[in-house]
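Visitor:
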Amino acid sequence: MKTQTDLAGTQPPLNYPAYRSTIRRAPAHPAIRLPESLSNLDVPVYGWWPIGETDNDLTRQCSGEPQGQRIVVAGRVLDEAGRAVSGALVEVWQANAAGRYRHAKDDHPAPLDPNFTGAGRTVTGADGRYEFTTIKPGAYPWRNHHNAWRPAHIHFSIFGSSFRTRLVTQMYFPDDPFFAYDPMFQSIRDERARRRLISKFDLDLTRPEWAIGFSFDIVVCGPNATPFEGRE
Ligand SMILES: [Fe+2]
């Protein structure tokens with residue numbers, strides 16, 4: 000049984016001054032426990048609309064194909080005992096191949112791709128499995144410090160049985176040269192926990208003459224939990 004001390008450094012702190020915006024974003028006071036209410040419904044409340052056929056294929060959501068390296072990202076959502084978490088809504092959002100988000104606040108002077116939304120979603124199967132086909136995102140600059148670039152990453156959100164169970168994290172790619180310089184990645188002090196955010200190249204997921212595969216399992220709780228944002 001791991002103690003709280005053993006788990007120290009496995010989750011990113013809310014206030015990590017090297018990641019500048021956390022200084023003002025982090026709560027200055029301890030959390031207040033609120034009484035249970037209807038908003039804590041123990042049923043799926045993440046949307047009544049059905050998942051569309053191309054929601055988990057970001058290369059087929061527009062009239063043409065997006066630019067960039069086609070990839071498959073797949074894995075399982077698991078609990079602390081390695082059991083499958085089925086019926087979880089997995090959502091992703093990411094920059095395009097040039098490192099640009101389709102978002103009003105992204106003014107990075109890299110081209111937008113008219114054929115890439117950068118957003119996808121799916122629901123895990125009985126075995127906890129999810130899969131996305133997408134484009135490998137580019138690194139992008141941010142203004143945290145001089146010459147700051149984010150390692151290529153895909154944002155993930157996982158909803159369990161209710162909104163209260165939302166978990167948010169980022170998936171990285173193997174051997175990214177920006178790991179050592181990225182305060183978001185480095186804010187997870189435990190190296191083994193940090194490595195849980197790096198996907199693995201997977202030849203079995205790789206589709207001949209089509210797309211390169213990366214596997215990424217997500218553990219939602221327990222001593223080997225994936226690092227999640229805001230969970231300190
Ligand atoms: Fe990002």
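179 is the number that numbering that gives the first Met the number 0 gives to position 180 of the sequence shown; each next residue is one higher, with no gaps.
All C-beta atoms, glycine included, are put in the ideal place defined by N, C-alpha and C.
#1: Since ALA179 contacts TYR139 with CB under 8 Å, what's their CB separation in whole angstroms?
#2: Give me the DSSP bridge partner(s) of LEU202.
#3: Return the chain-ordered list of same chain residues with a C-beta closer than 7 Å to the C-beta of ASP105, the five sequence neighbours on each side being excluded.
#4: What is the DSSP secondary structure of THR164, counted as helix, strand or coil?
#5: Tell me whether MET0 is buried or exposed, calling it buried when 16 or more other Cβ atoms sit within 10 Å of its Cβ.
#6: From GLU130 to ALA97, what distance separates their C-alpha atoms?
#7: Check whether the region 65–76 touches the region 120–135, counting contact only when three or more Cβ pairs, one atom from each stretch, lie closer than 8 Å.
#8: Ligand 1 and HIS154: does the residue's C-beta get closer than 8 Å to at least one heavy atom of that ligand?
#9: When you compare only the Cα positions, how much space is there between VAL218 and ALA224?
#10: For HIS152, is the classification buried or exposed, using 16 other Cβ atoms within 10 angstroms of its Cβ as the cut-off for buried?
#11: Here's a check: name, in chain order, each residue in its chain whose Cβ is nearer than 6 Å to the Cβ of TRP148, leaving out the five neighbours to either side.
#12: Give the straight-line distance between the Cα atoms of ALA87 and ILE157, rounded to the nearest whole angstrom.
#13: So, is PRO222 buried or exposed, given that buried needs 16 or more other C-beta atoms within 10 angstroms?
#14: Between which two residues does the beta strand (DSSP E) holding ARG75 run?
#15: Do GLN185 and ALA80 come within 9 Å of each other at the CB atom, strictly closer than that value?
#16: Tell me PHE213's beta-bridge partners as DSSP assigns them.
#17: Quick check for students: name the residue ranges of the beta strand (DSSP E) that lie wholly in the region 71–151, counting only runs of 3 or more.
#18: Give the DSSP-derived three-state secondary structure of ILE153 in the structure shown.
#19: Have a look at ASP189, GLY119 and ASN143 and flag the residue whose alpha-carbon is nearest the alpha-carbon of ASP54.
#20: Out of ARG69, ALA192 and LEU33, which has the shortest C-alpha to C-alpha gap to GLY117?
#21: Over the uninterrupted alpha helix (DSSP H) stretch that includes ILE22, give me the two end residues.
#22: THR132 and ARG59: beta carbons closer than 9 Å?
#23: Where does GLN10 land, buried or exposed, given buried means 16+ other C-beta within 10 angstroms?
Guide: In short, the structure shows the following:
#1: 17 Å between Cβ atoms; not a contact.
#2: None; LEU202 has no bridge partner.
#3: By the criterion of a C-beta distance shorter than 7 Å, ASP105 is surrounded in its chain by ARG99, once the five residues flanking it on both sides are discounted.
#4: Note: THR164 maps to helix in three-state DSSP.
#5: For MET0, the pLDDT reaches just 47, beneath the cut-off of 50, and the residue's location in the model is therefore unreliable, leaving the point undetermined.
#6: The alpha-carbon of GLU130 is positioned some 23 Å away from that of ALA97.
#7: They touch, by the three-pair rule.
#8: Yes, the beta carbon of HIS154 sits closer than 8 Å to at least one heavy atom of ligand 1.
#9: C-alpha separation (whole angstroms): 5 Å.
#10: Buried.
#11: In chain order, ALA138, PRO140 and PHE177 place their CB closer than 6 Å to the CB of TRP148, counting only its own chain and leaving out the 5 sequence neighbours on each side.
#12: Computed Cα separation, rounded: 6 Å.
#13: PRO222 is exposed by the Cβ-count criterion.
#14: Where ARG75 is concerned, the enclosing beta strand (DSSP E) stretches over 69–77.
#15: Going by C-beta atoms, ALA80 is not nearer than 9 Å to GLN185.
#16: Beta-bridge pairing links PHE213 to VAL72 and PHE200.
#17: Listed in chain order, they are 88–92, 118–122 and 128–134.
#18: Reduced to three states, the DSSP call for ILE153 is strand.
#19: Looking from the CA of ASP54, the closest CA among ASP189, GLY119 and ASN143 belongs to GLY119.
#20: Comparing alpha-carbon positions, the option among ARG69, ALA192 and LEU33 lying closest to GLY117 turns out to be ARG69.
#21: Looking at the DSSP string, the run of the alpha helix (DSSP H) that includes ILE22 is 20–24.
#22: In this structure, ARG59 lies closer than 9 Å to THR132 by Cβ.
#23: With 16 or more other Cβ atoms within 10 Å, it is buried.
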